[in-house]
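Residue numbers (the numbering used here), protein chains in the order written: chain C, 4 to 384; chain Z, 4 to 384.
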């Protein structure tokens, strides 16, 4: 088997956000479209990145009309802003939503058309303008991944766009930026990172290169997500979770994901629910379903999450699932789809959408429509 | 502390050499300068890469005047061949020597002047043409690194050239290519990879991102270097050593190295001795010297190389040094500089050169001139 691995240049560390301007200078940029979201702007991080851009003698234009589960209209609006302001580079600074919109805008301004044209794998052909990402949550991994997830409201669908071109030029990961997140966002995004690590590790496309990243991400999150949720100023925990999220991103960007994400995208296309929470609700159910596909890998996950004192493979594997559940409980994650506000769901039609999602291809266990419906129902209440 | 990490796109796997042409096509190349060495040419791998280039409809020109410890004249000759044949891309296929010349040629053809002008850190300013590397030994890690090492005969010196620009666009790592190496080359290059892993792991510039690569490289080499030396057809061992070498390359490219390499470069500038063998002779002496700089890291190395059944930190660390010695012994590595042909060495002047080498900066223990002389003498006989 031939495995491929791609990563952006990575700048990781305390206050690394201040290297944003210098990094754009190095990429030859002159005028940067800054794609951010209102929360990050309010926390002051957007201003800090902008200051760095200006200090380097570069110009910028701010676009911050970003919502959770961003859609095609926001991408079109961002692309229009890019052209109108005559930008030649893109900064994504924010959570996964802002980063994914920034990527999608970079696609449109260099490849033309609508973002819907690029849904699926490898449909981007022209090089993008210089793209730098500064994540402000430890969860999405979008700063290093070849993914962008955009909602198409017309089809009530989260589109998965996958292309090597979507790997940013530079990922600037600054743990200090995580200190302004509240405990709810820290928990939801941290569980998203754990889901990335676990799905990438058991993915049908996992390789030795993705395994080292996934295993380290899981180890860090197993140790540091609880303290990170507990204290917004615990620097050690923020550093660990920033690294965990990025390493999980490197893992899933190259090993792709599985049923949790395929199902989560199906929900997210219809309901404006937080991606991380949905994932963490679905995760243990999908783990139980997938267990027989790779007992040894699930046993290793059990060892990492610390529930096991040895025993045979299937015992360690089952303990692992309980340990992930316990971690989610400890940080106050919701347990059912009903509890986060899902009402009268049409699971059959969502299952059809999930079955077609690009992430389902690498799920380690064969999945039929009725399996997905069953998993949705288990997760519902 | 801010850490940076760079890696090329990686294509890893059996028969991946056949993706050479397609990869150049993707980078927009039309006529490739193929930089190779006589041994690799004879083994047939150069022809296999060339066939892939031609199958993709691209043209090529072959330059194969490469020796061990290649020098400035070979780089100039390669650059002249590139221009004369109107090439627009560079393939390095071979051991570390061929890859390092290929990189140096790419520097000259795009930046002008002589390769001597680019000695040291970050002196390359213009972008290089598309560069792809296919390593045929599991040792140098040059396929993923930001290093090129070229001998300057005028100064009897191995120049260390370090720049992000030297990270190739694509590294194609094909374990099958390793099957034509004899056991001596397998041992020497494998010990080079181990030295990279160890020096990067204890480097003053090590980061969590380089640690995961270094640790995995050491684990793989600890388990698979012996069987790889024992059998040229053991596919599992070749796969493991190809991965180990590449991961050690990712580690040292970003964490840099230490005294072993600084001293080895000083020897290699004057004597045409194999780099891997010199490294493996110096390694245990330097490990003993460096031990007190990082007992916990050397203890972890002890655990990886399997010599330890627990015990306190310094005991595990010392066992680790013995275990590395035992591994080198088992695969028939030479034990003294005298035994590999060094005669009447002027250790004082070589120590001066080693002290100035770029690799010495990240050695974990402070080093004085007399320390290096003492280490050279210990390694001599």
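Glycine is no exception: its CB is placed at the ideal position from the N, C-alpha and C atoms.
### Task
Please classify residue 158 of chain C: is it buried, with 16 or more other beta-carbons within 10 angstroms of its beta-carbon, or exposed?
Residue 158 of chain C should be labelled exposed.
### Message
If distances are taken between C-alpha atoms only, which option among Z:329, Z:323, Z:292 and Z:276 comes closest to residue 100 of chain Z?
### Response
Z:276
### Message
Measuring alpha carbon to alpha carbon, tell me which residue in C:192, C:34, C:123 and C:362 is nearest residue 139 of chain C.
### Response
Here the closest residue by C-alpha is C:192.
### Message
Measuring straight from C-alpha to C-alpha, what distance separates residue 385 of chain C and residue 77 of chain C?
### Response
Chain C is shown only over 4 to 384; residue 385 of chain C falls outside these bounds and no answer can be derived.
### Message
So for residue 238 of chain Z, helix, strand or coil by DSSP?
### Response
helix
### Query
DSSP on residue 12 of chain C, reduced to helix/strand/coil?
strand
### Task
Report buried or exposed for residue 129 of chain C, applying the criterion of at least 16 other Cβ atoms within 10 angstroms of its Cβ.
exposed
### Query
Roughly how many angstroms lie between the CA atoms of residue 146 of chain Z and residue 257 of chain Z, to the nearest whole one?
13 Å
### Query
Cα separation between residue 61 of chain C and residue 251 of chain C?
Cα to Cα, the separation comes out at about 32 Å.
#### Entry: Proximal residues, the region 9-20 of chain C versus chain Z, C-beta separation under 8 Å
9, 10, 12, 13, 14, 15, 16, 17, 18 and 19
### Query
So what does DSSP say about residue 221 of chain Z, is it helix, strand or coil?
helix
### Task
Using beta-carbon positions only, say whether residue 148 of chain C and residue 365 of chain C come within less than 8 Å of one another.
Contact: no.
### Message
The beta strand (DSSP E) that contains residue 138 of chain Z, what's its start and end?
### Response
134-138
### Query
Applying the criterion that 16 or more other CB atoms from any shown protein chain within 10 Å of the CB defines a buried residue, is residue 385 of chain C buried or exposed?
Nothing can be reported for residue 385 of chain C: it is not among the residues displayed for chain C, which extend from 4 to 384.
### Query
From which residue to which residue does the alpha helix (DSSP H) around residue 24 of chain Z run?
Counting along the chain, the alpha helix (DSSP H) containing residue 24 of chain Z begins and ends at 23-29.
### Query
Closest Cβ-Cβ distance between residue 5 of chain C and chain Z: below 8 Å?
yes
### Query
Quick one: Cα of residue 75 of chain Z to Cα of residue 81 of chain Z, how far?
10 Å
### Message
If I measure Cβ to Cβ from residue 381 of chain C and keep anything under 8 Å in the same chain, skipping five residues before and after, which residues do I get?
### Response
288
### Message
Please identify the residue among C:347, C:46, C:135 and C:356 whose C-alpha is closest to the C-alpha of residue 10 of chain C.
### Response
C:135
#### Entry: Distance CB(residue 231 of chain C)-CB(residue 222 of chain C) smaller than 8 Å
no
### Query
Count the other CB atoms within 10 Å of the CB of residue 86 of chain C; is the residue buried (16 or more) or exposed (fewer)?
exposed
### Residue-level contact to chain C via CB, residue 282 of chain Z, 8 Å cutoff
no
### Query
Is there at least one Cβ from chain Z nearer than 8 Å to residue 114 of chain C's Cβ?
no
### Task
May I have the straight-line CA-CA distance separating residue 274 of chain Z from residue 6 of chain Z, to the nearest angstrom?
36 Å
### Message
Can you tell me whether residue 153 of chain C is buried or exposed? The criterion is at least 16 other CB atoms within 10 Å of its CB, across all chains shown.
### Response
Buried, by the Cβ-count rule.
### Task
Give the interface partners of residue 134 of chain Z over in chain C, defined as CB-CB distance under 9 Å, in chain order.
Simply none; closest approach about 16 Å.
#### Entry: Sub-8 Å separation of residue 238 of chain C and residue 20 of chain C beta-carbons
no
### Message
Below 8 Å on C-beta distance, what does residue 219 of chain C contact in chain Z?
### Response
211 and 215
### Query
Per DSSP, which one or two residues make a beta bridge with residue 402 of chain C?
With chain C covering only 4 through 384, there is no way to say anything about residue 402 of chain C.
### Query
Residues in its own chain within less than 6 Å of residue 197 of chain Z by CB, not counting five upstream and five downstream?
224
### Task
Give the range of the beta strand (DSSP E) segment to which residue 62 of chain C is assigned.
62-66
### Query
Below 8 Å between beta carbons: does that hold for residue 270 of chain Z and residue 353 of chain Z?
yes
### Query
If you check the beta carbons only, do residue 337 of chain C and residue 280 of chain C fall under 8 Å apart?
yes
### Task
Using 10 angstroms around the beta-carbon of residue 233 of chain Z, count the other beta-carbons present and answer buried if the total reaches 16, otherwise exposed.
exposed
#### Entry: In chain order, each alpha helix (DSSP H) run of at least 4 residues that lies wholly inside the region 248-272 of chain C
Those alpha helix (DSSP H) runs which fall completely within the region 248-272 of chain C and span 4+ residues are 262-271.
### Integer Cβ distance of residue 92 of chain Z from residue 132 of chain Z, believed to fall under 8 Å
5 Å
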